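Asks:
Residue numbers (our numbering): 35 to 191.
1. Buried or exposed: which applies to residue 104, given that a residue is buried once 16 or more other Cβ atoms fall within 10 Å of its Cβ?
2. Count the other CB atoms within 10 Å of the CB of residue 117; is the residue buried (16 or more) or exposed (fewer)?
3. Which residues in the same chain have their Cβ closer than 7 Å to the Cβ of residue 72, if we skip the five residues on either side of it in sequence?
4. So is residue 149 buried or exposed if we call it buried at 16+ other beta carbons inside 10 Å?
5. With a Cβ-Cβ cutoff of 8 Å, do residue 107 and residue 161 count as a contact?
6. Quick check: residue 88 and residue 164, are their CB atoms within less than 8 Å of each other?
7. Do residue 167 and residue 57 have their CB atoms nearer than 8 Å?
8. Roughly how many angstroms separate the alpha carbons of residue 36 and residue 66, rounded to a whole number?
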């Protein structure tokens with residue numbers, strides 16, 4: 035499969051994505067735990083069906099020491115016993131923040147309160163921006179049919 039657009043050769047994409055990728059770098063440096071960031075990025079990408087992001091975040095998480103058991107269970111995190119309460123709260127917020135059209139209400143007060151029990155305001159800010167960022171990246175990749183499978187750890191950092 036060939037991508038519909040090559041973001042690396044487009045002057046418009048180059049200008050826009052330079053700033054966009056700097057936002058991604060700022061998220062990496064945020065106080066939200068790196069493991070949580072990767073789990074959230076992976077879950078959002080699974081929901082949206084973004085193969086290139088699933089590939090990237092699975093590999094990045096594994097390189098950071100995440101276990102294959104936990105990575106394989108992200109899609110079924112509610113039934114899995116391998117996630118902390120904080121991670122479960124982040125995954126739930128990520129799901130409701132991604133499925134806003136399905137829920138027709140956005141993130142519920144209950145889900146927000148559960149996340150606020152585990153994360154301070156800066157971490158919650160990073161979590162919200164991470165969910166929004168990943169939804170945008172997923173759409174950029176899905177619309178242009180970016181192929182997956184060739185990502186190398188650290189390729190975009």
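The C-beta atom is built at its ideal place from N, Cα and C for all residues, glycine as well.
What you are looking at is a predicted structure, and each value in this text was computed from that prediction instead of being measured.
Replies: So, from the data block:
1. In the chain shown, residue 104 corresponds to position 70, counting from 1. That one is buried.
2. Your numbering for residue 117 matches position 83 in the chain shown. It is buried - the Cβ of residue 117 has at least 16 other Cβ atoms within 10 Å.
3. As a working note, residue 72 is residue 38 in the chain shown. Cβ contact annotation for residue 72 (same chain, cutoff 7 Å, sequence separation greater than five): 91, 94, 95, 98, 100, in chain order.
4. Your numbering for residue 149 matches position 115 in the chain shown. Residue 149 should be labelled buried.
5. Reading the chain shown from its first residue, position 73 is the one you call residue 107. Reading the chain shown from its first residue, position 127 is the one you call residue 161. Going by C-beta atoms, residue 107 is not nearer than 8 Å to residue 161.
6. Counted from its first residue, the chain shown places residue 88 at position 54. Counted from its first residue, the chain shown places residue 164 at position 130. Taking C-beta atoms as the reference points, residue 88 and residue 164 fail to come closer than 8 Å.
7. Position 133 of the chain shown holds residue 167. Position 23 of the chain shown holds residue 57. Yes, the Cβ-Cβ distance between residue 167 and residue 57 is below 8 Å.
8. Stepping through the chain shown from its first residue, residue 36 is reached at position 2. Stepping through the chain shown from its first residue, residue 66 is reached at position 32. Looking at the backbone, the Cα of residue 36 and that of residue 66 are separated by about 35 Å.
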